[in-house]
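First comes the structure, then the notes that go with it.
In this note's numbering, the protein residues as written are 104 to 427.
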């Protein structure tokens, strides 16, 4: 079973009576806290050997742990407030690691105006595991959801896609980048994703649906389509990639666009909006200094097609990152 089959089979029945659980299919859950606001609650686990390497700098691991949770709140348009931290640590972890890790948390607490309010720690014979539960706030009935895409919506994506996935391929020795400047750029995109909190907040009155891209553009757009009951057509040459990744695709035989759209760790937002909001989105892009690209549209059906300039389907060599 894959991740979604496990959730649907074993855990959805436990949540189906609570509307704010959103069928366990969205980026976060919603809890009414006063007549005007809802709490937005999300949880992500990062495990050594799966989401990061044991020898990664502890401060970067801490900051990424914070940011992937903030990205879930960004996808729903929420304002982050506080978080809880649970750590399972092997006995090889020393004071120096813990100090560096806590300094990383502190740095992003300052950056994003959040605070730690509790959690738990335990020892483990296995790899390091970091679980963060992030709590935020949004006005009642304003949360962006995966399930609200409308037929005819345009599909948009923020930033560039594929930088983090290429960085991982460099670490694994699958792609060769010689100069340090290029490596540093790609590694920063992998280790320090930028949660698009400001964008998410600005999309509340514009977008019909949204999610963050954690498991690959194709996979996460498919989640929107499945939740909303539609398909999608994406223009492959409209998918935004950095100049560096574009060059690497041309220089590396086994690095293809299909890898870029199926990789993970982008933590950009993919969202849908009515065509009449095109001007608003372009204005927002200029105001924020953030690239926001229109890449396709929501259509009838249940499949995603990514096509080239003459309408031929581009193959997807993977289905995006799979947890199981």
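Built from N, CA and C at the ideal position, the CB exists for glycine as well.
Note that this is a predicted model, so its numbers are computed, not measured.
| request: Tell me, please, which residues DSSP counts as bridged to residue 148. | output: According to DSSP, residue 148 bridges with 234.
| request: Give the DSSP-derived three-state secondary structure of residue 380 in the structure shown. | output: helix
| Given that a residue counts as buried once 16 or more other Cβ atoms are within 10 Å of its Cβ, and exposed if not, what is residue 170? | buried
| query | Counting Cβ pairs closer than 8 Å, one from the segment 167 to 182 and one from the segment 224 to 235, do we hit at least three? | reply | Segments in contact, yes.
| task | Compare the beta carbon distance of residue 293 and residue 271 with 9 Å and say whether it is the shorter of the two. | result | yes
| residue 153 to residue 402, Cα distance in whole Å? | Their Cα atoms are separated by approximately 35 Å.
| message | On the DSSP bridge list, what partners appear for residue 416? | response | 410
| Taking only beta-carbon atoms, is residue 138 less than 9 Å away from chain B? | In the structure shown, chain B cannot be found, because there is only a single protein chain.
| query | If you pair each beta-carbon of the segment 339 to 349 with each one of the segment 358 to 377, do three or more pairs fall below 8 Å? | reply | yes
| request: Could you name the residues that DSSP lists as bridge partners for residue 142? | output: Beta-bridge pairing links residue 142 to 134, 240.
| the segment 264 to 280 touching the segment 376 to 392, judged by at least three CB pairs closer than 8 Å | no
| message | Here's the rule I'm using: 16 or more other beta-carbon atoms within 10 Å means buried, otherwise exposed. How should residue 218 be labelled? | response | exposed
| task | Name the residue from 348, 209, 398 whose alpha carbon lies nearest to the alpha carbon of residue 320. | result | 398
| message | Less than 9 Å between the beta carbons of residue 311 and residue 253, yes or no? | response | yes
| message | Using a Cβ-Cβ cutoff of less than 6 Å, which residues in the same chain neighbour residue 151 once the five nearest sequence positions on both sides are dropped? | response | 157, 230, 231
| query | For residue 119, which of helix, strand or coil comes out of DSSP? | reply | coil
| said: I need the straight-line Cα distance from residue 244 to residue 307, nearest angstrom please. | reply: 10 Å
| Which runs of the alpha helix (DSSP H), 4 residues or longer, sit entirely within the segment 157 to 216? | 161 to 179, 198 to 215
| Just curious, the alpha helix (DSSP H) that residue 348 is in, first and last residue? | 346 to 354
| request: Tell me whether residue 368 sits in a helix, a strand or coil according to DSSP, three-state version. | output: coil
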